[in-house]
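Asks: This is the structure, below, for whatever I ask next.
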Amino acid sequence: MPKPITLKDHYRETRVFARRAVVSVFVVILLIVALIARMVYLQVLQYEKYSSLSDDNRVSVEPVAPTRGLIVDRNGHLLADNRPSYSVSITRELCPDIDDTLEKLSRLVEISDSRLDDFHKRLAQRRRPFTPVAVKFKLTEAEIAIIAVNQHLLPGVSLSANLVRHYPHAEAMSHAVGYVGRINESELQKLNATRYSATEHIGKTGVEAFYEERLHGEVGFQTIETDARGRITKVLERTDPVPGENLQLFMDLSTQLAAMQALEGRRGAVVAIEPETGGILALASVPGFNANLFVTGIDYATYNALQNSKARPLFNRTLQGRYPPGSTIKPIVGLGGIETGATTWEYSIYDPGFYKLENDSRFYRDWKKWGHGVVNLHSAIVESCDTYFYELAFNMGVDSIHDFMAPFGFGDRTGVDLINESKGLLPSRFWKKATRNMPWFPGETLITGIGQGYMLATPLQLALSTAILANHGNKVQPRMVKAIGGTPLPAPEVGPPITLKNPENWDRIIKSMRDVVHSAKGTARGIAKDLPGYDIAGKTGTAQVLGIKQDEEYDAEKIAEWHRDHALFVGFAPVQNPKIAIAVLVENGGGGGSTAAPVARLVLDAYFESLRQDANVPTTRAVQTP
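What the sequence shown shows, in my numbering, is residues 110 to 735, in sequence order.
Below, the structure is given as structure tokens:
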């Protein structure tokens, strides 16, 4: 019988299984040992490292923005404050898909294309990680509620309450106080990254820009604990920010508003200075603009409309506009003529209505075509006789005119605590040779003597020169800010006073200016009626914009408005112990006596009414410092 065939070797299979089981157990034990070793390595040997990394994900330090300092006028009226406003922001590091999130957000609240473009530009700027970038400001309560309800669908989106700059008198103070705006890329490169780490706005113009360092304050920091969605769950430590300092200006709000109202519907500027201190009481450039539009970002259409407007509302005429001063400089030129011996108070001429140089066929005409008859220096100022000053300028020479007028602030910046001030232009032989490589001609001297030709001045320079004249030569520097943080600022150092060989000439020239307003032949006699308890020393001026040919007669009705003469007036009041010096410019306004002088009268009335009201307030009244 054959031996049975065994298909299954149980013994062998048992031995193979046993060996495999031992190997498997060994491998499992080896893996367990490796896992334990790894856990020991991570939990014990690398504890400090991964504990720190864990804390970095859970605990972070974020900057806290300081509160910007307030700006008030001399009587404590708010000119710039901070108002709470809700904004919606996106943190790029917490938002997996920016575009998708923006699309969802746009379906919930209205976001303009310009806002979205602005958001993308700011998102691309250099900044600290996990810094929210605002998409929209000034949310309504309904918008806040809609976003809050849907916030779980919007990763990286956050709502926050911030203090936003606000200007109660936005248009009236647009050029004086200025405005804040978003920090742009070029500014970001220059700023201290730590100090501005929580700030999105910076002063752009006016006082806001010049005193940015004092208004901004010092940034604070807080250590916060966040959850997986980046929401703050706990504040672990906090260093409070230091708020910016409050500024008190010399400006008088009621005087500024009166200046804006007096120029309403025109283009021009009013600058009023306190002669004793140099404090600027009014700085009005018309038209102005709504400064609040720039705080959170102005849309392109509105900005282009402002920038391209023919009236130039963004242009600060008070310290950037350069205009021929016209006859407003005649009192100073007259003083220069006395000092240099080019004329005397007794010297007189006959004015036929024109002046001619020898061997020159050109007629240099007076504004009064039939002339003023016999005039001396006093009557030439009162009646604004051009012919007298043609001869006086010729006798003085342009360099003597330059040297005498320069100490009054012409041809140089005044040093006012504002940005972008123009120098103006006070011509001389040297200037023309250096800039144009041409000789000086006698006819150019004549028109310089009546404030025409190359000569240019800003309204601020005209107000400053008038204040120095009112001070009998004692110089002041125009200033906007009176006190910072409640502490008055010291008066800046100024040059030596202007001295005359005969100090009585100050009073005599001022007497002539008083008669410009208060005498029967004065060019500004129209504003003297019913003056409420003060007198005015002044001088009118008319600055030619369009050249007139020799045989042509100026007719404003036949000339486009933009080519008509500028109207000017300078003055101070009261004549004894002056409290205010003023310069008024009305672009293309025509005659200084008929257009600019009435504007000055309205401003002066408002200022003295303000002084009377202050006198009725108890002396214990303190300036508000909100």
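Positions of the beta carbon are idealized from the N, C-alpha and C atoms, including for glycine.
1. Beta-carbon within less than 8 Å of residue 264's beta-carbon, same chain only, minus the 5 sequence neighbours each way: which residues are those?
2. Let's test the definition: count the other Cβ atoms within 10 Å of the Cβ of residue 216 and tell me whether it reaches 16, buried, or not, exposed.
3. Could you spell out the range, first to last residue, of the alpha helix (DSSP H) harbouring residue 459?
4. Output the distance between the C-alpha atoms of residue 629 and residue 189, rounded to the nearest integer angstrom.
5. Check each candidate in 706, 643, 464 and name the one with the smallest Cα separation from residue 636.
6. If I measure Cβ to Cβ from residue 660 and keep anything under 7 Å in the same chain, skipping five residues before and after, which residues do I get?
7. Residue 615 and residue 581 look like a contact to me (Cβ under 8 Å); what is the Cβ gap, rounded to whole Å?
8. Classify residue 466 as helix, strand or coil using the three-state DSSP reduction.
9. When the Cα atoms are used, what is the spatial distance from residue 138 to residue 121?
10. Specify the secondary structure class of residue 603 as computed by DSSP and reduced to three states.
11. If you draw a straight line from the C-alpha of residue 232 to the C-alpha of residue 408, how long is it?
12. Looking at C-alpha atoms only, which residue of 622, 251, 310 is the closest neighbour of residue 491?
13. What does DSSP give as the partner residue(s) for residue 402 in the beta ladder?
14. With 16 as the cutoff for other CB atoms within 10 Å, does residue 551 come out buried or exposed?
15. Which same chain residues, not among the five before or five after residue 344, have their C-beta less than 6 Å away from its C-beta?
16. Go to residue 529, then tell me how far its alpha helix (DSSP H) extends in each direction, as first and last residue.
17. Going by the beta-carbon positions, is the gap between residue 589 and residue 316 smaller than 8 Å?
18. Around the C-beta of residue 155, are 16 or more other C-beta atoms found within 10 angstroms, so that it is buried, or is it exposed?
19. Since residue 397 and residue 280 should fall inside the 8 Å C-beta cutoff, what is the C-beta to C-beta distance between them, to a whole number of angstroms?
20. To test your reading of the DSSP string, which unbroken beta strand (DSSP E) runs of 3 or more residues are found completely within the stretch 580-646?
21. For residue 425, which of helix, strand or coil comes out of DSSP?
22. Rounding to the nearest angstrom, what Cα-Cα distance links residue 208 and residue 350 in this structure?
23. Within the stretch 209-234, note down every full beta strand (DSSP E) run reaching 3 residues or more, in order along the chain.
24. Can you tell me where the alpha helix (DSSP H) holding residue 697 begins and where it ends?
25. Quick one: what's residue 378 bridged to in DSSP?
26. I'd like to know whether the C-beta atoms of residue 179 and residue 355 end up nearer to each other than 8 Å.
27. Are at least three pairs of beta-carbons, each pair with one atom in the stretch 456-466 and one in the stretch 479-496, less than 8 Å apart?
28. Going by DSSP in three states, residue 306 sits in which element: helix, strand or coil?
29. Going by other Cβ atoms of all chains shown within 10 Å of its Cβ, with 16 needed for buried, is residue 579 buried or exposed?
30. Take residue 393 as the anchor and find which of 419, 572, 191 has the nearest alpha-carbon.
31. Would you mind reading off the limits of the beta strand (DSSP E) that contains residue 243?
32. Using only the heavy atoms of the ligand HEM, determine whether one of them is closer than 7 Å to the beta carbon of residue 716.
33. Could you check whether residue 175 and residue 328 sit closer than 8 Å to each other, using their CB atoms as the reference points?
34. How would you write the range of the beta strand (DSSP E) that residue 195 sits in, first residue to last?
Replies: According to the data block:
1. 203, 204, 205, 210, 338
2. exposed
3. From DSSP, residue 459 is part of no alpha helix (DSSP H) but of the beta strand (DSSP E) over 457-460.
4. 45 Å
5. 706
6. No answer about residue 660 holds up, because its pLDDT of 49 lies below 50 and its placement is not dependable.
7. 4 Å
8. coil
9. 26 Å
10. coil
11. 18 Å
12. 622
13. Paired residues: none, contrary to the question.
14. exposed
15. 331, 333
16. Neither: residue 529 is in no alpha helix (DSSP H) and is coded neither H nor E.
17. yes
18. exposed
19. 4 Å
20. 590-593
21. coil
22. 34 Å
23. none
24. Unbroken run through residue 697: none, as it is neither H nor E.
25. 394, 694
26. yes
27. yes
28. coil
29. buried
30. 572
31. 242-245
32. Ligands displayed in this structure: none; no statement on the ligand HEM is therefore possible.
33. yes
34. 187-199
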